[in-house]
Amino acid sequence: MSNQYDVVIAGAGIVGMSTALWAQTKGLRVAICDPNPAGSGTTFGPACTIATYACLPINSPSVVKSLPTLLMSKDSPLIVNYWHAIKNWRWMLSFLANCRQSRVEKITAQLGDLLRQADAGLDPLIAMVGAEDLFVAEDCLYVWSTRAGFEAALGGNALREQQGVSMQEVSAEEVRALEPALKMPIYRGLRFKGTRFVLHPQKLVERMQTYFTQNGGAVITSAVSNVTPSASGVDVVLADGTSLSAGHFVVAAGAHSKSIKGAGVEALPLGVERGYHVTFTEQRQKLTRPVGWAEAGFYATPMELGLRFAGTVELDDLDAPQNPDRLAYLRRRAAEMLGPLDGPSEEWLGFRPTMPDALPVIGRSQTSDRIIHAFGHQHIGLTLGGITGRMVSDLLTDQPLAPEAAGFSARRFG
Ligand SMILES: Cc1cc2nc3c(=O)[nH]c(=O)nc-3n(C[C@H](O)[C@H](O)[C@H](O)COP(=O)(O)OP(=O)(O)OC[C@H]3O[C@@H](n4cnc5c(N)ncnc54)[C@H](O)[C@@H]3O)c2cc1C
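Residue 1243 is where the sequence shown starts when you use this note's numbering, and the numbers rise one by one after that.
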């Protein structure tokens, strides 16, 4: 097979585009395929935190205890559709098995290790594409309204500390001094030191794409349907039937990665955690930083498009319609947090790609060394996109990864 490209990447979200840039810096001929505009998928709608402190998985022993309530609830930060849980029982069982305390501690250590490298993957890209103006260096704040909520989080916060997360407990008065607009009850806060947030994630990915194309990268507006690896390369078939040949193929299509046949993803337990946002376009000035409200399960972030309330988890099908109850929940709790919010607003549903052990899949496919996986970044893909791209580019150029990276390989699923 004579290869048109050294590497073809499926998916132009933060993960795929970071991979494209890192591969380009290694001198590779790169094409990136996506039927949609760059950064318009899940990368469009997050809470915008560069959450290097977010090493705790959503898995926890408390989720198991509250599962019966979650299956019935319409009004909590995490809800589970009963039928979805039954249809996806394997994923659910594996998710629950990963809620054991010993597993949570192991996963936290693995995520902590990766998050400590996140800046080394992201910062060179920011400098390369000139995106410094899209970042604000301001400590992110996490707030608990109740003593019970705060005390329930102490174990998790101790795990964070073990991972070297720099944080400072702050009193209710200190929280109110930092963010005077907050109206909900406050018991305690946690300030994550030295963190930053992005003003407009899609703009960041667009800047990356501009740099990529200016430096000879190819952007192909089409989905990848299927791939066939051989000893010398990969035959990549697009949705319109045309074919590309590449030395390697990278799957970075987020929650949609299973739609690419032949890449070894069908056999993996890739699930989806649906999340929502509501952005009040004229209310950005209410806060100076992302504020996470623990009991409500979302962040409020003053980003370029307005004040964005983003978060919550809904375990339901990828193709199920948007759930108006979830958006009503966000709006109601947003008003509890900051008082009545007037003016125009925008609503969104996004799809976090999530493995049942909350670890991303980064590494060679179990079916072929020519196919590399880069998906499953759950709640922290914006933070981990850069380092994932860097690791994938090392694999593409046969540079060894740190031994701990084996824990992210698809091969962990057997
Ligand atoms: C409510 C919410 C809040 C969040 N907040 C944060 C946060 O504060 N910080 C943080 O770090 N992370 C956050 N996240 C997580 C983060 O947004 C995701 O982990 C990240 O955006 C995933 O990026 P991706 O590139 O893997 O996927 P995507 O951005 O979804 O990109 C995948 C791309 O693949 C394309 N595609 C699909 N099928 C194909 C195909 N067959 N061929 C080619 N292309 C295809 C899609 O069009 C899409 O553009 C949040 C997520 C949600 C939902």
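Built from N, CA and C at the ideal position, the CB exists for glycine as well.
Remember, predicted model here, so these are calculated numbers, not experimental data.
Heavy atom of ligand 1 less than 8 Å from the Cβ of phenylalanine 1593, yes or no?
As a working note, residue 1593 is residue 351 in the sequence shown. Answer for phenylalanine 1593: yes, Cβ within range of ligand 1.
Which of helix, strand or coil does DSSP assign to arginine 1606?
Here residue 1606 refers to the residue found at position 364 when the sequence shown is read from its first residue. Note: arginine 1606 maps to strand in three-state DSSP.
In terms of residue numbering, what span does the beta strand (DSSP E) encompassing proline 1595 cover?
Working through the sequence shown from its first residue, we reach residue 1595 at position 353. It spans 1587 to 1596 - the beta strand (DSSP E) in which proline 1595 sits, taken as one unbroken run.
Specify the secondary structure class of alanine 1570 as computed by DSSP and reduced to three states.
Taking the first residue of the sequence shown as position 1, residue 1570 is located at position 328. Three-state result, alanine 1570: helix.
Per DSSP, what are the beta-bridge partners of glycine 1459 in this structure?
Taking the first residue of the sequence shown as position 1, residue 1459 is located at position 217. Answer is none; glycine 1459 lacks a bridge partner.
DSSP state of methionine 1580, grouped into three classes?
Against the sequence shown, residue 1580 aligns to sequence position 338. In the sequence as presented, methionine is not what sits at residue 1580; that position holds leucine. Correct three-state label for leucine 1580: helix.
Three-state secondary structure (DSSP) of histidine 1619:
Position 377 of the sequence shown, counted from the start, is the residue given in the question as residue 1619. Here histidine 1619 sits in coil by DSSP.
The segment 1580 to 1590 touching the segment 1481 to 1495, judged by at least three CB pairs closer than 8 Å
no
Cα-Cα separation, valine 1306 to glycine 1539:
Locating residue 1306 in the sequence shown gives position 64, counting from the first residue. Locating residue 1539 in the sequence shown gives position 297, counting from the first residue. C-alpha separation (whole angstroms): 17 Å.
Could you give the DSSP three-state label for alanine 1273: helix, strand or coil?
Numbered from 1 along the sequence shown, position 31 holds the residue referred to as residue 1273. DSSP places alanine 1273 in strand when its eight states are reduced to three.
Please determine whether the Cβ atom of tyrosine 1541 lies at a distance below 8 Å from any heavy atom of ligand 1.
Locating residue 1541 in the sequence shown gives position 299, counting from the first residue. Because some heavy atom of ligand 1 lies under 8 Å away, the Cβ of tyrosine 1541 counts as near it: yes.
Taking 8 Å as the cut-off, does the segment 1251 to 1261 touch the segment 1509 to 1516 (at least 3 CB pairs, one atom from each stretch)?
no
Closest to glutamine 1451 by CA distance: which of Thr1463, Val1440, Leu1441 is it?
By one-based count along the sequence shown, residue 1451 stands at place 209. Among Thr1463, Val1440, Leu1441, the Cα nearest to that of glutamine 1451 is on Thr1463.
Checking the sheet assignment: what are the DSSP bridge partners for isoleucine 1251?
Position 9 of the sequence shown, counting from 1, holds the residue named residue 1251. Answer is Ile1274, Val1492, bridged to isoleucine 1251.
Out of Leu1643, Thr1639, Gly1656, Phe1650, point me to the one whose CA is closest to arginine 1271's CA.
Position 29 of the sequence shown holds residue 1271. Cα-wise, what sits closest to arginine 1271 is Thr1639.
Tell me whether serine 1635 is buried or exposed, calling it buried when 16 or more other Cβ atoms sit within 10 Å of its Cβ.
Here residue 1635 refers to the residue found at position 393 of the sequence shown. Serine 1635 is buried by the Cβ-count criterion.
Check whether the segment 1640 to 1651 and the segment 1590 to 1598 touch, using three or more Cβ-Cβ pairs below 8 Å as the test.
no
Assuming valine 1447 and threonine 1455 are in contact, meaning their beta carbons sit under 8 Å apart, how far apart are those beta carbons, in whole angstroms?
Against the sequence shown, residue 1447 aligns to sequence position 205. Against the sequence shown, residue 1455 aligns to sequence position 213. Not quite, the Cβ-Cβ distance comes to about 13 Å (not below 8 Å), so this is no contact.
Is isoleucine 1292 close to ligand 1? I mean its beta-carbon at under 8 Å from any heavy atom of the ligand.
Here residue 1292 refers to the residue found at position 50 when the sequence shown is read from its first residue. Isoleucine 1292: yes, Cβ under 8 Å from ligand 1.
Cutting at 6 Å between CB atoms, please list the residues of its own chain near glutamine 1620, excluding the five before and the five after it.
Position 378 of the sequence shown, counted from the first residue, corresponds to residue 1620. Here the set comprises Arg1594, Thr1596, Ala1600.
Considering only the alpha carbon of each residue, which of Ala1473, Gly1458, Asp1477, Gly1459 lies closest to serine 1467?
The residue given as residue 1467 occupies position 225 in the sequence shown. Ranking the options by Cα distance to serine 1467, first place goes to Asp1477.
Can you list, in chain order, the residues of its chain with a C-beta nearer than 6 Å to that of arginine 1612? Leave out the 5 residues immediately preceding and following it.
Counting from one through the sequence shown, the residue named residue 1612 turns up at place 370. Here the set comprises Pro1471, Val1476, His1490.
Using 8 Å as the cut-off, classify the Cβ of asparagine 1278 as near or not near the heavy atoms of ligand 1, replying yes or no.
In the sequence shown, counting from the first residue as 1, residue 1278 sits at position 36. True, at least one ligand heavy atom lies under 8 Å from that Cβ.
Could I get the ranges of all uninterrupted beta strand (DSSP E) runs contained in the segment 1463 to 1521, with 3 residues as the minimum, in chain order?
1466 to 1471, 1476 to 1480, 1485 to 1493
Please report the residue range of the alpha helix (DSSP H) in which arginine 1332 lies.
To locate residue 1332, count along the sequence shown from 1; it is residue 90. Counting along the chain, the alpha helix (DSSP H) containing arginine 1332 begins and ends at 1331 to 1339.
State yes or no: is the C-beta of glutamine 1405 within less than 9 Å of the C-beta of alanine 1351?
As a first step, residue 1405 must be located in the sequence shown, where it is residue number 163. As a first step, residue 1351 must be located in the sequence shown, where it is residue number 109. Contact: yes.
Delimiting residues of the alpha helix (DSSP H) encompassing glutamine 1404
Residue mapping note: residue 1404 aligns to position 162 of the sequence shown, counting from 1. Segment 1396 to 1404, the alpha helix (DSSP H) holding glutamine 1404.
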